[in-house]
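4 protein chains.
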Amino acid sequence: MLKALIVGASGYAGAQLAFYLSKHPHIEIAGLTVSEKSADAGKLLSDFELHPQLKGLVDLPLLPMADYTAIIQDIDIVFLATEHSVSHDIAPYFLEQGCIVFDLSGAFRVNSLGFYTEFYGFNHQHQTWLDKAVYGLAEWNDKLIKHAQLIAVPGCYPTAAQLPLKPLIAEGLLDDTQWPVINAVSGVSGAGRKASLKNHFCEVSLHAYGLFSHRHQPEIATHLGQEVIFTPHLGSFKQGIHATITCRVKDGVTTDDILAALNKYYAHKPLVRVYQQGWPALKSVVGLPYCDIGFALKDRHLILISVEDNLLKGAAAQAVQCMNIRFGFDETTSLI
Amino acid sequence: MLKALIVGASGYAGAQLAFYLSKHPHIEIAGLTVSEKSADAGKLLSDFELHPQLKGLVDLPLLPMADYTAIIQDIDIVFLATEHSVSHDIAPYFLEQGCIVFDLSGAFRVNSLGFYTEFYGFNHQHQTWLDKAVYGLAEWNDKLIKHAQLIAVPGCYPTAAQLPLKPLIAEGLLDDTQWPVINAVSGVSGAGRKASLKNHFCEVSLHAYGLFSHRHQPEIATHLGQEVIFTPHLGSFKQGIHATITCRVKDGVTTDDILAALNKYYAHKPLVRVYQQGWPALKSVVGLPYCDIGFALKDRHLILISVEDNLLKGAAAQAVQCMNIRFGFDETTSLI
Amino acid sequence: MLKALIVGASGYAGAQLAFYLSKHPHIEIAGLTVSEKSADAGKLLSDFELHPQLKGLVDLPLLPMADYTAIIQDIDIVFLATEHSVSHDIAPYFLEQGCIVFDLSGAFRVNSLGFYTEFYGFNHQHQTWLDKAVYGLAEWNDKLIKHAQLIAVPGCYPTAAQLPLKPLIAEGLLDDTQWPVINAVSGVSGAGRKASLKNHFCEVSLHAYGLFSHRHQPEIATHLGQEVIFTPHLGSFKQGIHATITCRVKDGVTTDDILAALNKYYAHKPLVRVYQQGWPALKSVVGLPYCDIGFALKDRHLILISVEDNLLKGAAAQAVQCMNIRFGFDETTSLI
Amino acid sequence: MLKALIVGASGYAGAQLAFYLSKHPHIEIAGLTVSEKSADAGKLLSDFELHPQLKGLVDLPLLPMADYTAIIQDIDIVFLATEHSVSHDIAPYFLEQGCIVFDLSGAFRVNSLGFYTEFYGFNHQHQTWLDKAVYGLAEWNDKLIKHAQLIAVPGCYPTAAQLPLKPLIAEGLLDDTQWPVINAVSGVSGAGRKASLKNHFCEVSLHAYGLFSHRHQPEIATHLGQEVIFTPHLGSFKQGIHATITCRVKDGVTTDDILAALNKYYAHKPLVRVYQQGWPALKSVVGLPYCDIGFALKDRHLILISVEDNLLKGAAAQAVQCMNIRFGFDETTSLI
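Chains as they are written, first to last, in UniProt numbering: chain X, 1 to 336; chain W, 1 to 336; chain V, 1 to 336; chain R, 1 to 336.
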């Protein structure tokens, strides 16, 4: 049994990680931590005011990190479900202890110091770890993940955006002179579990935000190797991301070419489901670890549809998938 | 034209009041105030981050109360859409200036000093105004409202609970040895526009709260003259209250008796709609100023169903209705 | 008082029309009709199983058309809130009687017989009326509407799509070699009040549909004079449309140019609201007759956001707006 | 491996059963059936228009029952997720073949022929099987379930209503002269997957229905041995039941007595979770197989709160739980 620590376990992704790990046959949860200032410190994760759905499943206490420093050398795996700047600050400590770190924040996703200054508002101090970090887009980087110490689990939008596009780019089917237009709608959980007027029940309604300025745009462009126009939206639902990607294919590309490209990369991948017919709806993936992909082609216009649960394939499930790959377990262990 | 000031205009009830008053042929909005510390001070009520639905309808600024003190003698009417303790503190000032005050908070609803200490957490200082305040349950207290200077607009739950029960009590149809069981479900707007984890979009789901301890229970019991068991619930919708009231009638009471009692008091009241058949659903009243009432009787068991929009008949619309009654306008002016 | 008949009054748009007309100072509702086979025939529109929200507001019966044939010569105005093929079949009858007809269906929106065969599945028989029909995009065709006998009220998506684009095209700001990408999400009411698995509460979740094949694409392209890529989506909400339009401007076009174009055409139009700052959210317009427009420009990429209530500015409100224009009433009479 | 057939697999409970059984280590799905007239016959359960969430998980075809008659002697277990009258008609056939039958309909829940005539609208023909049927309230009837051939899985409301009340009745804590008042709100999935205006997305809003006439009232009363007042409501959510039960305890009963009674019966039951503090919310159980119970006592007034997922503990999960008990598997196998 490998021992895993979840840092930032009281948030939505953290609680979901705890749920997955609690069912995992090869993992033992060594601890769940919250910030020392958190009002949740000392409570059970399954407290009736926290995550009561986990009652009987993960009745472990949320404790400050200090409670675990004495046993840090016994911990094999650390999941960071923390704010970007917190991950940035604490990841090196765990890495230096020899832990394998899965960071769900954006702190190690793009190997560019300027990127953090511009989009995350802090100066990145750990170029060495940026160089070593592997981007955990599981279906594409599994070979690197197997040997990585620091896995930067992709953002929710970037996962939904890249999975449908990468096979087409890899196969040279896209007309890369025209930037793909990515419109995506995320559930409210994407903004985290912190109270704010923006996620007040009565204030939420479908709307676009972060036009031309969302930090996931450069993350997508970097790992895709292709500029894109990315417009995020908030939808009035709890979980899920629906992405509609309009792009242009090269002259002569057919529906069969698209389908062949998607199948080439995903037919044997258990957590990406390609639709031969129809287009996926959000409900197909809510609560499940999949990314579902469909498309339609007319002349040289291609529309790709992808859906995922932002907290699962877009966060916790992909983190566990990366862990499974890293340690040689079956890729879907504890996920389905 | 009468001049009206809305204190606490940035909340849900306050904004709705502003909308109603902006359409009222006999009212001019003299000002909209917010707390001096509010980040909204200086913005338009219709600002895109506040109440953009009012753009073009109520493009007035939110200003601290201090901006209006110089003109207070010109103001005829004050609506207090403020926290209970704030209403308590400031109502006397306006009253002493001769304004007619419609208070949407609970600060003057029950003439009992102990009630405020126990249920609202402050010691009430204004017994004189408590004595003079008229409880603004519009269909029942219109004669008193016509001559009142301080109208305490009822709470949302108490309106939905009392309107169906009062005719039956007035006609002596209820077996008063058995307490009516009032289960009511409110939309999230009932908790106000302040960010908190309780109204986080992802945290809201149907649940009971305040069992045996909600402040609306004694308000209902006081004005009904009948003890009740009141259990409030939060529902996953923005606006509306649905109340299910289970009670016991006296031996021999028939369906016709119930219907006759409801019609006796409401057939000529424009904002209470009695169903001869079927039961009202929440959608019947959302966005509208009505309270709809239906019922079913079996043996001596009576179930009353009432629905209203908590922000309208349960707050802003009833306040305007009281104002219309107070000044002799048609009761529904600007409401439908 | 002008006498108006609403054909197909039991649907969502029809009921909304009845509500608006009931408040209109210059209109008398002459009748509400439903199909002779309808189970609703004989019921009140405000029946508790139909539109109980209208109880006390529009307590008129739904009757078969045959009940009105004797008085058809007294009817001035007919609203057709009917299926496309039904509008096609019956509009000429009313037109020949001299009625002014506002058709909310798609039967007379595009002057091309082939369009109906391909996208609506029937062969259009009334070329003469197609030639005479005026497309009721109110802000753009008011001069024509004033003298029209047959007004084809635009579809919900086409209204949301065209209003932001038309000023830019009119001012020559768009790079028309690149087709605008229109992604729009509609509430479920857009599919009408007929029970089907597609609008079953538990089946609805955000998803794209009608890729490259929705009938509103050619309607948009025709009246815009510009090809577009239009992708409709169903969202899990009752009312509203949110459109995100990604397009390319000509070299040198600035934010001020865009704003100036929008203001040139809409600053004096009461039902289109242009945002100088921020982007509109769906909640800004639900229940209201507006179309709200915002935008962002970066380099030559322009994103336009428009929102409207699909049943109001996208259907019933625009129909009433057209009627107000046609008869010289204030454009917003009974709407706000 | 035991072979199981699911009859009526295309509905919500049927699809959920298929999901649970697909993960069960001791069960092999022998077949999924739908009515011969069903348009779904021949499709995969995971078809994109049916239950696409099951793609890759249960890619089995839906076939008419006739396809399985040749292998019926090889089938060990039959789940009936069918209409009440269909279960009534076909259950004896499977029972006579020696199958163990878990019926999710109401056809065998109450041993009274008159009950079916009055509440289900058909004359029950199988008194013998009614006599042999065991009511599958798993926490209470496990000893009988172990030896039963026909298990009548309880209704969703009856499960939520009985689980909190039975311990108090068993311990003699309730004042049985006063009928418990059970108000419950169910998600829309409770009405099944058939399109109707009642479950149209735009028609659903919180409302009471079936006052004094719902078939679950006599089911509850029969198995509780206590008359009750039961008022069902439809809520605007997909899955879940929230029940609020107001009752009267005997003189002298304390909070500790209530808690002790609940713990006595449930402390060792894995699928009932008793709250020592706070009250459960719907979100605690949606997607999970639990029934959560909380309460509050004041004087002799007791309010019990229970929540469950109507499709899981209220249907499919309890059916699998019964199967696990019947065959000696761990009670929660494949459920958590």
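Glycine is no exception: its CB is placed at the ideal position from the N, C-alpha and C atoms. Remember, predicted model here, so these are calculated numbers, not experimental data.
Determine the extent of the alpha helix (DSSP H) in which residue 87/V is found, giving its start and end residues. Looking up residue 87/V in the third sequence gives position 87. First-last of the alpha helix (DSSP H) with residue 87/V: 84-96.
Do we get a CB-CB distance below 9 Å when we pair residue 305/V with the residues of chain X? The residue given as residue 305/V occupies position 305 in the third sequence. It does: the Cβ of residue 305/V has a partner Cβ on chain X nearer than 9 Å.
Residue 151/R versus residue 299/R - alpha carbon distance: The sequence position of residue 151/R within the fourth sequence is 151, counting from 1. The sequence position of residue 299/R within the fourth sequence is 299, counting from 1. Taking the straight line joining both Cα atoms gives about 40 Å.
Just to confirm, are residue 255/X and residue 301/X a CB contact at a threshold of 9 Å? Walking along the first sequence from the start, residue 255/X turns up at place 255. Walking along the first sequence from the start, residue 301/X turns up at place 301. In this structure, residue 301/X does not lie closer than 9 Å to residue 255/X by Cβ.
Any C-beta of chain V under 9 Å from that of residue 55/W: One-based indexing of the second sequence puts residue 55/W at position 55. Chain V contact via Cβ: present.
Per-residue contacts from residue 229/W into chain R (C-beta, under 7 Å): By one-based count along the second sequence, residue 229/W stands at place 229. Going along chain R in sequence order, the residues near residue 229/W (Cβ under 7 Å) are 246, 301.
If you check the beta carbons only, do residue 18/W and residue 325/W fall under 9 Å apart? Locating residue 18/W in the second sequence gives position 18, where the first residue counts as 1. Locating residue 325/W in the second sequence gives position 325, where the first residue counts as 1. Contact flag unset, no.
C-beta neighbour in chain R for residue 280/W, strict 9 Å: For the purposes of this step, residue 280/W is taken as residue 280 along the second sequence, with counting starting at 1. At least one chain R Cβ lies under 9 Å of residue 280/W.
Going by C-alpha to C-alpha distance, which of 295/W, 66/W, 206/W sits closest to residue 280/R? In the fourth sequence, the residue the question calls residue 280/R occupies position 280. The shortest Cα separation from residue 280/R among 295/W, 66/W, 206/W belongs to 206/W.
Kindly give me the distance between the Cβ atoms of residue 173/W and residue 250/W, rounded to whole angstroms, as I take these residues to be in contact under 8 Å. The sequence position of residue 173/W within the second sequence is 173, counting from 1. The sequence position of residue 250/W within the second sequence is 250, counting from 1. The Cβ separation is near 6 Å, so the contact holds.
Exposed or buried, which one is residue 323/V when buried takes at least 16 other CB atoms within 10 Å? For the purposes of this step, residue 323/V is taken as the residue at position 323 of the third sequence. Under this definition residue 323/V is a buried residue.
Three-way DSSP call (helix, strand, coil) for residue 133/V in this model: By one-based count along the third sequence, residue 133/V stands at place 133. If DSSP states are grouped into helix, strand and coil, residue 133/V belongs with coil.
Could you pull out every unbroken alpha helix (DSSP H) segment of at least 4 residues lying fully inside the segment 154-222 of chain V, listed in chain order? 156-170
Sorry if obvious, but does the Cβ on residue 221/R come closer than 8 Å to a heavy atom of the ligand ZN? What this structure holds is no ligand at all, so the ligand ZN is not there to describe.
What span of residues does the beta strand (DSSP E) with residue 291/R cover, start to end? Position 291 of the fourth sequence holds residue 291/R. Per DSSP, residue 291/R belongs to the beta strand (DSSP E) from 291-298.
How would you call residue 203/W, buried or exposed, if buried means at least 16 neighbouring beta carbons within 10 angstroms? Your numbering for residue 203/W matches position 203 in the second sequence. So residue 203/W counts as buried.
Assign residue 243/W to one of three DSSP states: helix, strand, or coil. As a position in the second sequence, residue 243/W is number 243, starting the count at 1. DSSP, reduced to helix, strand and coil, places residue 243/W within a strand of the structure shown.
Applying the 10 Å Cβ sphere with the 16-neighbour rule, what's the burial state of residue 59/V? One-based indexing of the third sequence puts residue 59/V at position 59. So residue 59/V ends up on the exposed side.
For residue 218/X, I'd like the list of residues in its chain whose CB is within less than 7 Å of its CB, leaving aside the five on either flank, ordered along the chain. Counted from its first residue, the first sequence places residue 218/X at position 218. For residue 218/X, where only same-chain residues beyond five positions count, the Cβ hits under 7 Å are 110, 115, 119.
Apart from the five residues on each side of it in sequence, which residues of its chain come closer than 8 Å, Cβ to Cβ, to residue 25/X? What you label residue 25/X is simply residue 25 of the first sequence in a count that begins at 1. If we look at residue 25/X and ignore the five residues flanking it on each side, its Cβ neighbours are 333, 334.
Mapping DSSP to helix, strand and coil, what is residue 326/W? Position 326 of the second sequence holds residue 326/W. Three-state DSSP puts residue 326/W in a helix.
Candidates 189/V, 166/V, 212/V, of which the one nearest residue 183/V by Cα: Numbered from 1 along the third sequence, position 183 holds the residue referred to as residue 183/V. Closest by alpha carbon: 212/V.
Within-9 Å CB hit, residue 178/X to chain V: As a first step, residue 178/X is located in the first sequence; it is residue number 178 there, counting from the start. Using beta-carbon distances, residue 178/X counts as an interface residue toward chain V, with a partner under 9 Å.
Distance, Cα to Cα, residue 346/W vs residue 201/V? Residue 346/W lies beyond the range of chain W shown here (1 to 336); nothing can be said about it.
Please name the residue, chosen from 48/V, 7/V, 258/V, 179/V, that lies closest to residue 90/V on a Cα-to-Cα basis. To locate residue 90/V, count along the third sequence from 1; it is residue 90. The shortest Cα separation from residue 90/V among 48/V, 7/V, 258/V, 179/V belongs to 7/V.
Report the three-state DSSP secondary structure of residue 117/W (helix, strand or coil). The residue labelled residue 117/W in the question sits at position 117 within the second sequence. Looking at residue 117/W - three-state DSSP - the assignment turns out to be helix.
Using the rule of at least 16 other Cβ atoms within 10 Å of the residue's Cβ for burial, across every protein chain shown, is residue 263/X buried or exposed? Indexing the first sequence from 1 puts residue 263/X at position 263. Burial call: exposed.
Pick from 117/V, 331/V, 327/V: whose alpha carbon is nearest that of residue 272/V? Here residue 272/V refers to the residue found at position 272 of the third sequence. Nearest option by C-alpha distance: 331/V.
Residue span of the alpha helix (DSSP H) that contains residue 264/V, given as start and end: Your numbering for residue 264/V matches position 264 in the third sequence. Note, residue 264/V: alpha helix (DSSP H), 255-266.
Residue 83/R at chain W interface by Cβ criterion, 9 Å: Position 83 of the fourth sequence holds residue 83/R. Put simply, the CB of residue 83/R is far from chain W, with every gap to its CB atoms at 9 Å or more.
Considering only C-alpha positions, which residue in the set 309/V, 222/V, 46/V is nearest to residue 135/V? Indexing the third sequence from 1 puts residue 135/V at position 135. The option with the nearest alpha carbon to residue 135/V is 222/V.
Please tell me whether residue 188/R and residue 236/R are closer than 9 Å, where the distance is taken between their beta carbons. The residue given as residue 188/R occupies position 188 in the fourth sequence. The residue given as residue 236/R occupies position 236 in the fourth sequence. Cβ atoms of residue 188/R and residue 236/R: closer than 9 Å.
Rounded to whole angstroms, what's the CA-CA distance from residue 45/R to residue 11/R? Just pull it up for me. Within the fourth sequence, numbered from 1, the residue matching residue 45/R stands at position 45. Within the fourth sequence, numbered from 1, the residue matching residue 11/R stands at position 11. One C-alpha to the other measures close to 10 Å.
Quick check: residue 53/R and residue 286/X, are their CB atoms within less than 9 Å of each other? Numbered from 1 along the fourth sequence, position 53 holds the residue referred to as residue 53/R. Numbered from 1 along the first sequence, position 286 holds the residue referred to as residue 286/X. Cβ atoms of residue 53/R and residue 286/X: closer than 9 Å.
CA-CA distance, residue 149/R and residue 105/R? The sequence position of residue 149/R within the fourth sequence is 149, counting from 1. The sequence position of residue 105/R within the fourth sequence is 105, counting from 1. When rounded, the distance between both Cα atoms is 16 Å.
For chain V, is any of its Cβ atoms less than 9 Å away from the one on residue 58/W? As a first step, residue 58/W must be located in the second sequence, where it is residue number 58. Residue 58/W does not count as touching chain V.
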